[in-house]
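Line by line, the protein sequences are chains A and B. Using the working numbering, the letters of the first sequence map in sequence onto residues 1 to 249. Using the working numbering, the letters of the second sequence map in sequence onto residues 1001 to 1249. Glycine is no exception: its CB is placed at the ideal position from the N, C-alpha and C atoms. All figures in this text were calculated on a predicted structure; none of them were measured in a lab.
Protein chains: 2
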Amino acid sequence: MITDDTRKRVEVCFSPFLFSLFKDEFDIIVVIDVLRATSAICTGFHHGIKEIIPVSTIEEAQAYKDKGYFAGAERNGKIVEGFDFGNSPFSYMNPAFKDKTVVLTTTNGTKSINLAKDAGQIAIASINNLDAIKFWLEKQNKNILCLCSGWQNKFNLEDTICAGAICDYLINTGKYVSIEDSSIASKYLFLSAKDNILGYLKSSSHRRRLLNLDLGEDIKYCLTPNITPVIPVLVGDRLVALKEPVLQA
Amino acid sequence: MITDDTRKRVEVCFSPFLFSLFKDEFDIIVVIDVLRATSAICTGFHHGIKEIIPVSTIEEAQAYKDKGYFAGAERNGKIVEGFDFGNSPFSYMNPAFKDKTVVLTTTNGTKSINLAKDAGQIAIASINNLDAIKFWLEKQNKNILCLCSGWQNKFNLEDTICAGAICDYLINTGKYVSIEDSSIASKYLFLSAKDNILGYLKSSSHRRRLLNLDLGEDIKYCLTPNITPVIPVLVGDRLVALKEPVLQA
């Protein structure tokens, strides 16, 4: 479709359920779960966690916990019984985690990571590390898919807006192009939302769900741009923070 | 989630691929395939077709054709070899079709109809019959799902904008509510697009695809609001136009 064009693609997949329609075309898969898994992961690295092992099931997390690892587990917005923490970013500021390995399973985000890990290099995005991930992606010159984790396989607004911000930036560099309607829609939604993300998401289903669980502070944190410059990437079965300094483009 | 609330729901499913996540909660499934199946269907009824049999496969369409039916078949924007017409709305203005039964198979739209037909009452929407379908839905007082046919199971903008127009209208009546983020996003996208739908969709992937096939006139027609007041609904295996007059709400 794009002939005589050296630009790389940046596209958006709205749900893990749709990933099979996209998976063979991309070099880097940017996993996004703004509320709250990828925000928590970025926060953990910002506060000195050495590595994070994302697992899909509670049983896997429990097995690591039994071996003495710090292990968090969240389902449907709540900490799973028997675990000390879930995916609240505030849990990942724990000084005890510094230089340690932490295991995590969540409803949506860690499943997306494991779904996509064989399809390309996994990188982790959130609103908290938005500028850093944008500048890093710009330098990669690869075909990029933003994989929104959604909510139980359905589309969600906060992941889409984060993906739209990435597309908007990369397209504006002139080095990237989006050809999928999902990417174009994400960009439009980001541009409408960007001046007041919290207000824009006031009716978001997932935000309502978390507010019902009294997680307003988590939401405010997760929707705050550029708290950290970390770029978590998957190496083997573990997320680590890239060592290279991320410079403004 | 909605307690003490007598409002019915109006929601949007972005793709037939996601339909299984929604299918058990709705009374009416509004199938949308703006470019071009549902626009062609509305046009056919406006021009006097008696009934349309939507079939999923070329083989089924061929079997009807062999029995002497008028049968259309489209795949990837083109008329299938051996058929006289596909899903261009202009084909459905044919005076020979008046009071006749026509059979149709298309890449996306007729598949959506057959996918959803056991989940609720099927109604057909396009931009061409937008006001009619909005006013009719308002009177139904049922839980409504707008099923966007998309393009090969991926999200598309034109179906989403049509669905967003339906949501926006029904929510504004005070009788309906949307709780899914996909519905909220559709509404936002419609509100950005509504003053210039053709311009808004200029970068749409499907529109580009059809322009490459020299189908610019089809696109312009399909994006023209309120050409017809017909409400096609599925009765058994056939689409028919509702007889009741549709009055402005």
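{"Item": "Any beta strand (DSSP E) of 3 or more consecutive residues that is wholly inside the stretch 1155-1185 of chain B", "Value": "none"}
{"Item": "Test item: CB-CB of B/Ile1053 and B/Thr1101 under 8 Å", "Value": "yes"}
{"Item": "Chain A residues whose Cβ lies nearer than 7 Å to that of B/Ile1179", "Value": "Ser205"}
{"Item": "Sequence ranges, beta strand (DSSP E) only - wholly within the stretch 1005-1031 of chain B, length at least 3", "Value": "1008-1013"}
{"Item": "C-alpha distance - A/Ile144 paired with A/Trp136, whole-angstrom precision", "Value": "12 Å"}
{"Item": "First through last residue of the alpha helix (DSSP H) which encompasses A/Leu239", "Value": "Note, A/Leu239: premise wrong, no alpha helix (DSSP H); beta strand (DSSP E) at 238-241."}
{"Item": "B/Ala1241 versus A/Ile231: straight-line alpha-carbon distance, rounded", "Value": "56 Å"}
{"Item": "Chain B contacts from the stretch 147-167 of chain A (Cβ-Cβ distance under 8 Å)", "Value": "Trp151, Gln152, Asn153, Lys154, Phe155, Asn156, Leu157, Thr160"}
{"Item": "Bounding residues of the beta strand (DSSP E) (the contiguous stretch that carries B/Ala1123)", "Value": "1121-1125"}
{"Item": "Start and end residues, beta strand (DSSP E) containing B/Gly1072", "Value": "1070-1075"}
{"Item": "6 Å Cβ shell around B/Ser991 - same chain, five flanking residues per side excluded", "Value": "Outside the displayed span of chain B (1001 to 1249) sits residue 991 of chain B, for which this structure offers no information."}
{"Item": "Under 8 Å by beta carbon: chain A residues contacting B/Leu1211", "Value": "Simply none; closest approach about 12 Å."}
{"Item": "Contact list for the stretch 20-33 of chain A against chain B, Cβ threshold 7 Å", "Value": "Leu21"}
{"Item": "C-beta contact flag for B/Gly1120 and B/Phe1026 at 8 Å", "Value": "yes"}
{"Item": "Contacting residues, own chain, Cβ-Cβ under 7 Å from A/Leu18 (five flanking each side not counted)", "Value": "none"}
{"Item": "Chain B residues whose Cβ lies nearer than 8 Å to that of A/Phe17", "Value": "Phe1017, Leu1018, Leu1021"}
{"Item": "Simplified DSSP state of A/Lys67, which is helix, strand or coil", "Value": "coil"}
{"Item": "B/Leu1250 (DSSP reduced to helix, strand or coil)", "Value": "It is not possible to answer for residue 1250 of chain B, since the shown part of chain B is limited to 1001 through 1249."}
{"Item": "Cβ-Cβ distance between A/Gly164 and A/Tyr92 below 8 Å", "Value": "no"}
{"Item": "Counterpart residues of A/Thr38 in DSSP-defined beta bridges", "Value": "Looking at the DSSP assignment, A/Thr38 forms no beta bridge with any residue, so it has no partner."}
{"Item": "Integer Cβ distance of A/Ala250 from A/Cys167, believed to fall under 8 Å", "Value": "The structure shown does not extend to residue 250 of chain A, since chain A is modelled only from 1 through 249, so no value can be given for it."}
{"Item": "Backbone CA spacing between A/Leu99 and A/Tyr64 [nearest angstrom]", "Value": "According to the sequence displayed, residue 99 of chain A carries Asp and not Leu. Their Cα atoms are separated by approximately 17 Å."}
{"Item": "Nearest residue (CA-CA) to A/Asn156, options A/Asn196, A/Ala116, A/Asn141, A/Ser203", "Value": "A/Ser203"}
{"Item": "Short CB-CB distance (under 8 Å) between A/Leu14 and chain B", "Value": "One point to set straight first is that residue 14 of chain A is Phe, not Leu, in the sequence displayed. With 8 Å as the cut-off, A/Phe14 counts as an interface residue toward chain B."}
{"Item": "Same chain, Cβ closer than 6 Å to A/Cys42, five either side skipped, listed in chain order", "Value": "Ser126, Asn128, Asn129, Thr228, Val230"}
{"Item": "Under 8 Å from the C-beta of B/Ala1185: neighbouring residues of chain A", "Value": "Phe155, Leu157, Thr160, Ala185, Leu189"}
{"Item": "Selected residue, minimal CA-CA separation from B/Asp1033, among B/Trp1151, B/Glu1060, B/Ser1183, B/Phe1090", "Value": "B/Trp1151"}
{"Item": "Member of B/Val1012, B/Leu1215, B/Thr1224 whose CA lies at the smallest distance from the CA of B/Ile1079", "Value": "B/Leu1215"}
{"Item": "Residue from B/Tyr1069, B/Asp1159, B/Ile1122 with nearest C-alpha to B/Arg1036", "Value": "B/Asp1159"}
{"Item": "Local Cβ density within 10 Å of B/Gln1248, reported as buried at 16 or more and exposed below that", "Value": "With a pLDDT of only 49 at B/Gln1248, under 50, the local geometry of the prediction cannot be trusted, and the value read off the model is given with reservation. Its Cβ having fewer than 16 others within 10 Å, B/Gln1248 is exposed."}
{"Item": "A/Ser192: contacting residues in chain B (beta-carbon distance under 8 Å)", "Value": "Tyr1188, Ser1192"}
{"Item": "Cβ of B/Ser1182 within 8 Å of any chain A Cβ", "Value": "yes"}
{"Item": "First and last residue of the uninterrupted alpha helix (DSSP H) at B/Leu1198", "Value": "1197-1200"}
{"Item": "Extent of the continuous alpha helix (DSSP H) to which A/Glu138 belongs", "Value": "130-140"}
{"Item": "From B/Gly1048, B/Lys1175, B/Ala1073, B/Leu1170, residue whose alpha carbon lies closest to that of B/Arg1007", "Value": "B/Lys1175"}
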